[in-house]
Every structure is written in C-alpha cells, then in structure tokens.
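Asks: Attaching a single structure in structure tokens format; questions to follow.
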Amino acid sequence: MRTFVVFLLLYLLFLVQASVTQWWPDLVMLGLIVVSLHETRITSTLAGAFAGLCLDMTNPAFTGTYMVTLAATGYGVALLRSLFYRARWATLLFVAMALALKWVAVALFGPGLPGLPALLVSSILTLILAPLTELGLTGLLYHGWQTA
Amino acid sequence: MLSRPTLSAWQDRAALLVILLGLILLLVPHHIRIAVTQPVQVALLAPLRLGTAVSQSLHETRTENERLSRLAAQLAVENARLESASQAAGSVPPVSLALTRASVIGRDLTTFEHWLIISRGALHGVRPGAPVITPEGVCGMVIACGPHQSLVQTLLAPDSRVAVLNLRSRVPALARPDRSGRLVLDYAQKESDFRTGDTLVTAGIGTVFPKGLMLGEVVAVPDRPEALFKPVIIRPFADISRVEQVFVIAIPEGVLPDTGTGWLENTAKPEVSIPDQPAD
C-alpha cells in the first residue's frame, strides 16, 4: 500500500512539475530523495525509474535520460543514507549530488542544458525546498510507519 | 560514526538491472524508442492533456460567453428599437451603438440594488448620463465617473424616473421604483390600456435613454376604484440585485449629455418648445 502511495505521489509531483516552467524547483527529484531516505533500495530504484520515465515522456526523443538518472539517484540515496544517520545536512548533500548528476546527464544525453539563469534558479530553489519537502513528505508518508 | 552500508545482494542486482534497462533504452535508436514509448507516453500524459484541454475549453467558453453576451446586449437594444419603431410608419434610421462592458464591483450596503459601482470609468469612455443596460433590459444610468470606475443609479433607486412606453398599446407613462424591488407607473390614466403581460420599453423622452430599450413587464394592474390614476406594477427585466456584468452605451464624442444635446434620434434636443399654458 505504501509503495503504491509512493508511486502515486511521484506521479502527482510529475504532473505538477510538467505543468510549470523550467525555472521551478525539481519537485520530482525532491520527492524521490525523501522517499529513498526511507524505502528499500529496490523500491527507491523502481520509484526513480518510474519518475524518470514520466519525465522522459515529456520529450520522447531523449527517453532514458531521466530514467537512468533518477533510478541511479534513488538507488544511491537508499544505499548511502546509512552513512549519514540522522544528519540533517545529508538531504542537502543528496540533493546537490542528484542535481549535479541530472544536469550532467541532461547535458550529455538529453536535450541540453537550459540557460544558466534558469539552471541556477531551479537548482537553488530545489536546495532551499529540500528541508521543507523532507519534513512534509516524511510526516505525510512515514508518520507512524516503520521505515524500511 | 560511519558504518559500512549493509548489502542485500538481490536488491542490488535488481536495482542495477533497472538502471541497466534505462541505459539500454538510452542507446536504442530514436525512431524505435519513440515507437516503443508512444503508448506509455499517451497513458502517462493523459491527465496533463485532459487538464490542458479542459483549461483551454474553459478559456474558449469564457471568451465565447463574453462575445455572445455583448452581442446579445447589442441585439436586445437593436431589437427593442426596431420593434418599437415598427409600429410607426416612418423608416428606422440606422443607429450603431458602442457598448462598453463593465463588471459590477460595488453596491450600496443597504439595499444592494439602488447604486452600483462598475469597473469602467472616464478613461474607458464612460461619461455621466450614459445608459447602463444588461442583455435583459435597462439597468440604470451613470451619474458620476472616476478615471477607472463609475457610479450607476439603478432603476430601483428612489430618485430614478424613466419614461416608458407600452409596446402593445403605445401608451406612455412614467415609471418609478416602489419599495419592493419593482416599478410602478405614475400618472397612467384610469382608462389607459395596460394589461398584465404587456412589455414596456423606454419612451425616448428626455436625454438619457434612447427609445425602445426593453425595461420590464406588467405583472399586475390592481383594481382600485378610489385611485386617481391606474396602478400598474412592473417587474424590470434586468435582475438588478444579481447583475454582475453590465454594458454602458457610449455617448459619442462631442456630445455633452448634461446639456441635453441629442445623441440619438430619439433623444434629440427639442427644436421647438411647448408653449406655456395660459394663466387662469
């Protein structure tokens, strides 16, 4: 049930993100990182692949770029989270690493990087929103539930 | 304290397999990739497309509604004028009325229907004395203008008086508001021909309302033998207590409404005057 809710949540975040401009924070990535902080590695990877596939569908010519990036992000966060047990800055670190991975992948395999202002604004907003998203989603999804 | 992450072999293999699948998808030629992902794309983006379609449809409906509303108001004016004029043998002079659409943004706080503030003012070409209508009928007149807003005195305001004409019997009279949100006719002769269901239009006497605007319907003609004049109760066609959008009939440039200069054929300044009654 919780896995279904996780996928549904990521899909809803995708719908929101796909409706706004590239200046907005990467909500899907934030959601995925928070989910990966609590879920198993396989669930995190599948959730990342699903979210990435959704994002890839907005530009089918580059299908696979986001799928690989977010699947790797989900797997990486789920794998590394125990290294930073309850460290608040760990989420920021994960977000920064995921953003770097995403921009590199988009530049190498995707449609190319957006303009520098949009890239900076989106990245900074993503980082700023990270603690709030973690707080909100953790309370929403994992309050009273056993962490994987 | 750093600790080595525990590894679950099957989870890692499955996860890496998913990533590998993504990489394979990345290496597939474009046309195959697009063909494979087409059904997935349709399914995943369906809510977005539906939302976009609904939003676009709503926007188009609003635009169309506004256009039709404006058209309805223009046709209502023109229809009433032609219907009124068709009783006369003379030809109907061509008239083109410019309408300014405005939203009701304020009302008087006691009755909600005596005074309206509308969202168009002098900067939009609205001037004091301009008739205010809805597609259903006459609403009132502008009595003061700011740059962006105007004050409208409605038909139901205590000081409002409108000269009306019975569309069927051609009997003129003067309409004033009563206290129940309806209009009553003043000075209708007892033998005058007013029946329930008669339609009243503006008579075009005076310099505010052009002749032939739909005003209201006779809903009752009480039998009061003791009354000096025939009591006629009228229900205005425009539901002033609920009106949200109105149209201001623009007064052409160069015409000063407060001087009585005619701006429509039915509101022309009199060229002859009625002689004073000889003193007894």
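Residue numbers (the numbering used here), protein chains in the order written: chain A, 929 to 1076; chain B, 1151 to 1430. Beta carbons: idealized from backbone N, C-alpha and C, even for Gly. Keep in mind it's a predicted model, so treat the numbers as computed, not measured.
1. Is residue 1257(B) helix, strand or coil when you go by DSSP?
2. Which parts of the stretch 984–1056 of chain A are runs of the alpha helix (DSSP H), unbroken and 4 residues or longer, counting only runs that do not cross its ends?
3. Starting from the C-beta of residue 942(A), find all residues in its chain whose C-beta is less than 7 angstroms away, skip the five residues before and the five after it, and write them out in chain order.
4. What are the residues of the stretch 1165–1195 of chain B that lie near chain A, defined by any Cβ-Cβ distance shorter than 7 angstroms?
5. Check each candidate in 1285(B), 1253(B) and 1341(B) and name the one with the smallest Cα separation from residue 1095(B).
6. DSSP state of residue 940(A), grouped into three classes?
7. If you draw a straight line from the C-alpha of residue 933(A) to the C-alpha of residue 1069(A), how long is it?
8. In terms of residue numbering, what span does the beta strand (DSSP E) encompassing residue 1324(B) cover?
9. Residues in its own chain within less than 7 angstroms of residue 1359(B) by CB, not counting five upstream and five downstream?
10. Sort out for me which residues DSSP pairs residue 931(A) with in a bridge.
11. Compare the beta carbon distance of residue 1198(B) and residue 946(A) with 9 angstroms and say whether it is the shorter of the two.
12. Helix, strand or coil: which one does DSSP assign to residue 1300(B)?
13. Should residue 961(A) be flagged as near chain B, meaning a C-beta pair shorter than 9 angstroms?
14. Using the Cα positions of residue 1357(B) and residue 1401(B), report the straight-line distance between them to the nearest angstrom.
15. Looking at C-alpha atoms only, which residue of 1330(B), 1343(B), 1221(B) and 1332(B) is the closest neighbour of residue 1321(B)?
16. Pick helix, strand or coil for residue 1192(B), following the three-state DSSP scheme.
17. Taking residue 1200(B) as the query, report the chain A residues whose CB atoms sit under 9 angstroms from its CB, ordered along the chain.
18. Measure the alpha-carbon distance for residue 1437(B) versus residue 1044(A) and round it to whole angstroms.
19. State the Cα-Cα distance for the pair residue 1239(B) and residue 1377(B), rounded to the nearest angstrom.
20. Looking only at C-alpha atoms, which of 1381(B), 1298(B), 1361(B) and 1279(B) sits nearest to residue 1327(B)?
21. Is it the case that the Cβ atoms of residue 1172(B) and residue 1034(A) are separated by a distance below 9 angstroms?
22. When the Cα atoms are used, what is the spatial distance from residue 1212(B) to residue 1226(B)?
23. Under 9 angstroms, Cβ to Cβ, is there at least one residue of chain A near residue 1437(B)?
24. Spell out the partners DSSP gives residue 1333(B) in its beta bridges.
25. According to DSSP, residue 1281(B) sits in a beta bridge with which residue or residues?
26. DSSP three-state call for residue 1396(B): helix, strand or coil?
27. Given this structure, state the Cα-to-Cα distance separating residue 1148(B) from residue 1339(B), to the nearest angstrom.
28. Would you give the residue range spanned by the alpha helix (DSSP H) that residue 951(A) belongs to?
29. Is the CB of residue 933(A) under 9 angstroms away from at least one CB in chain B?
30. In this structure, does DSSP put residue 1365(B) in helix, strand or coil?
31. Does the Cβ-Cβ distance between residue 1299(B) and residue 1256(B) come in under 9 angstroms?
32. Just the chain D side, please: which residues come within less than 8 angstroms of residue 985(A) by C-beta, in chain order?
33. Nearest by alpha-carbon distance to residue 1361(B): which of 1207(B), 1229(B), 1278(B) and 1260(B) is it?
34. Residue 1016(A) touches chain B at which residues, Cβ-Cβ below 9 angstroms?
35. For chain B, find out if any of its Cβ atoms is closer than 9 angstroms to the Cβ of residue 930(A); answer yes or no.
Replies: Let's see:
1. strand
2. 993–1008 and 1016–1037
3. 956, 979, 982 and 983
4. 1165, 1168, 1169, 1172, 1173, 1175, 1176, 1180, 1183, 1184, 1187, 1190, 1191, 1194 and 1195
5. This structure does not reach residue 1095(B), given that chain B is present from 1151 up to 1430, and the question cannot be answered.
6. helix
7. 8 angstroms
8. 1322–1327
9. 1281, 1288, 1312 and 1352
10. DSSP output for residue 931(A) lists no bridge partner at all.
11. yes
12. strand
13. no
14. 11 angstroms
15. 1343(B)
16. helix
17. Near residue 1200(B) there are no residues of chain A at all, since even the closest Cβ is about 11 angstroms away, more than 9 angstroms.
18. Residue 1437(B) lies beyond the range of chain B shown here (1151 to 1430); nothing can be said about it.
19. Note that residue 1239(B) scores 45 on pLDDT, short of 50, meaning its location in the model is unreliable and no value can be drawn from it.
20. 1381(B)
21. no
22. 21 angstroms
23. The requested residue 1437(B) is not part of the displayed model; chain B covers only 1151 to 1430.
24. 1327(B) and 1384(B)
25. 1291(B)
26. strand
27. As shown, chain B starts at 1151 and ends at 1430. That puts residue 1148(B) outside it, with no answer to give.
28. Where residue 951(A) is concerned, there is no enclosing alpha helix (DSSP H), given that its DSSP letter is neither H nor E.
29. no
30. strand
31. yes
32. Going by chain labels, chain D is absent from the structure shown, which instead holds the protein chains A and B.
33. 1229(B)
34. In chain order: nothing, as chain B lies at least about 16 angstroms away.
35. no
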